[in-house]
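36 is the number of the first residue of the sequence shown in the numbering used here; add one for each residue after it.
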Amino acid sequence: MRPNKFTVEQIIKILAEADLPNNSVASVARKYGVNPNTIYRWRQKYKGMSASEAKRLKVLEEENARLKRLLAEKELELQALTDIVKKNF
36 MRPNKFTVEQ
46 IIKILAEADL
56 PNNSVASVAR
66 KYGVNPNTIY
76 RWRQKYKGMS
86 ASEAKRLKVL
96 EEENARLKRL
106 LAEKELELQA
116 LTDIVKKNF
């Protein structure tokens, strides 16, 4: 997966700028070099969050992904050991 071009704080700032009455999403998207759909997706994900809340969400998502990988590895190890035990008996 491609790393994010913007930090969470920058995304919150971009969303605040897009919400100003005199700015359109398309113009803000052009200014920052992103697709307007990206801004709408960010808006859905970070709606009503402060920068610290959004940062906490990102940390939790990363931790969740790490734990899922660990669980998958342990399940593979367990499956391999189960197969070995079945072959021996």
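From the three backbone atoms N, C-alpha and C, an ideal C-beta is built for every residue, glycine too. Just so we're clear, the structure is a prediction, and the values are computed from it rather than from any experiment.
Residue i to residue j span [Cα, whole Å]
i	j	result
L111	L105	10 Å
R78	A61	14 Å
E108	V120	18 Å
E52	R91	22 Å
N126	N123	Lying before the first or after the last residue shown, residue 126 is absent from the chain, which here runs from 36 to 124.
8 Å contact criterion, which residue i and residue j should meet: CB distance rounded
i	j	result
A64	N57	Wrong, their Cβ atoms sit about 15 Å apart, outside the cutoff.
K93	V43	5 Å
Buried/exposed call for residue i, threshold 16 Cβ in 10 Å
i	result
L113	exposed
L95	exposed
A115	exposed
A28	Because the chain in this structure spans residues 36 to 124, residue 28 falls outside the shown range and cannot be described.
Reference residue i, options the options, closest by Cα
i	options	result
K48	K66, A86 and A115	A86
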